[in-house]
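Worksheet: the structure to be examined is printed underneath.
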Amino acid sequence: MLGYYPVITPRTTDPKTVPNNIKAPHDPFNEKILAWFDLNGRKNLPWQLNKTPYTVWVSEIMLQQTQVKTVIPYYHDFMQRFPDVLSLANAAQDEVLHHWTGLGYYARARNLQKSAQMIRDQYAGKFPEQLEQLIALPGIGRSTAGAILSLACGQHHSILDGNVKRVLARYFAVEGWTGNKKVETELWQYADQLTPRHRTADYTQAMMDMGATLCTRSKPQCDTCPVHTDCLAFVQGRQAELPNKNQKKLSQ
DNA sequence: GTCCGGGGCG
DNA sequence: CGCCCCGGAC
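Numbering (UniProt numbering), first residue to last: 1 to 252.
Structure (C-alpha cells):
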C-alpha cells in the first residue's frame, strides 16, 4: 500500500472543480469515517489485493447477495477458473452457473457472463471505465458501477448499497422505507454530498465496512461509531427503528 | 420454524 | 413496486 495514499492537498474553492458542494457542517464526516477506516477497515480481503475492475466487479456481484465469509471460497474458485474477462466471456454458460451453485440469484451469474461477452465484443476485452458504460451492462446499476470505478479506478463516484443506505438513513434520520424511490433519491443526494474527492476508494470501502460491522441492522455498535455524536438516529435514540421497514409488508 | 433484507431488473 | 435465492435474526 506504499504510495497509495496521496498527500493531503487543500480543498479547492472553485465551484466548477467541486462536483460535490460539501457543506461545512458535514465536512468532518468523511474525515472521521476515513480515520476509522485506517484503524478498523478491512483491507486484506481477497478482492482487495491486486484490485482491478474485473476483480472488484466479480466480488461486488457476489457480495450483493451474500456475506463476506461465504463469498470468499466462491471468489477464489471463480477467479481460478475465470481469471479475466475473456475467460469468463468464452466459457460455457453451464460452467459459469456450476461455479455459482450455492450462491443463488443465478440471473446474476448469467448477467455476469453476458456483460463479459459485451466487454469482449464492444470494448475489445478491455473493461470500460466510464459510469454510463458500466451501467449499460446487465447486472450493473448505479451503485455497483460507482463501487467499481471508485474502488478499482480511483474515480470520484458515490455508492448507495444496503449498508450505505442504513448508515445514511440513521445519520440523517431519513424517514420512510429505503426502497421507496423518493427516499432513495434523498439518500443518493447525501451520498454524493459526503463522498470526498480525496481517498474516494478508502471512503467507499469504509462506508461498506461501517454498515457491515458497526452500523448493523440489529444491535448497531453506536458506542464505538466514529460519527455517533452527529448521528440523528443515535441522538434521538431511534437506531432500532431507522431505517424504517417496508410499510406494505408490515400491514399485510 | 418464519420472516425479512438485498441490487438490479421487469 | 415485487421478484430472485439464501442466510441471518428472532
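Virtual Cβ for every residue (Gly too), placed ideally from N, Cα, C. These figures come from a predicted structure and were not determined experimentally.
Shown here for glutamine 205: same chain residues with a beta carbon closer than 8 Å to its own, the five before and five after excluded, namely Phe37, Gly41, Arg42, Lys43, Gln48 and Leu151 in chain order. Residue range 162-171 is occupied by the alpha helix (DSSP H) that includes alanine 169.
Here arginine 170 is buried, its C-beta having at least 16 other C-beta atoms within 10 Å. DSSP places alanine 136 in no alpha helix (DSSP H); its state is neither H nor E. CA-to-CA, the gap between alanine 116 and aspartate 223 works out to about 43 Å. Annotated as proximal: asparagine 163 and glycine 211, with beta-carbon spacing under 7 Å. Contact between the stretch 106-125 and the stretch 80-97 is present: 3 or more CB-CB pairs across the two stretches fall below 8 Å. Spanning the alpha carbons of tyrosine 74 and proline 46 requires a straight line of approximately 11 Å. When DSSP states are grouped into helix, strand and coil, asparagine 180 belongs to the coil group. For proline 73, the enclosing alpha helix (DSSP H) begins and ends at 68-81.
By the Cβ-count criterion, arginine 166 is buried, with 16 or more other Cβ atoms from all chains shown falling within 10 Å of its own Cβ. Collapsing the DSSP output to three states places asparagine 50 in coil. Judged by DSSP secondary structure, arginine 110 falls within the alpha helix (DSSP H) whose first and last residues are 106-122. Leaving aside the five residues that flank valine 183 on each side, the residues in its chain whose CB is nearer than 7 Å to its CB run, in chain order, Val174, Gly176 and Trp177. Excluding its 5 nearest sequence neighbours in each direction, arginine 142 has C-beta neighbours in its own chain below 7 Å: Ile135, listed in chain order. The continuous alpha helix (DSSP H) containing leucine 88 extends over residues 85-89. About 5 Å separates the Cβ atoms of histidine 156 and threonine 200, confirming a contact at the 8 Å cut-off. Just so you know, the alpha carbons of leucine 242 and histidine 98 end up roughly 39 Å apart. Contact check for tyrosine 203 and isoleucine 33: beta-carbon distance about 6 Å, within the 8 Å limit, so the pair qualifies. Counted as a single uninterrupted DSSP element, the stretch harbouring glycine 154 is not any alpha helix (DSSP H), since DSSP gives it neither H nor E. Counting only runs that start and end inside the stretch 188-240, the alpha helix (DSSP H) elements of at least 4 residues fall at 200-209 and 232-235. For a cut-off of 8 Å, the C-beta gap from serine 158 to glycine 139 is around 19 Å, too long to register as a contact.
Pairing tryptophan 57 with threonine 144, the inter-Cα distance amounts to about 8 Å.
Straight through space, the alpha carbons of threonine 55 and proline 128 are spaced by roughly 14 Å. Where valine 174 is concerned, there is no enclosing alpha helix (DSSP H), because DSSP gives it neither an H nor an E.
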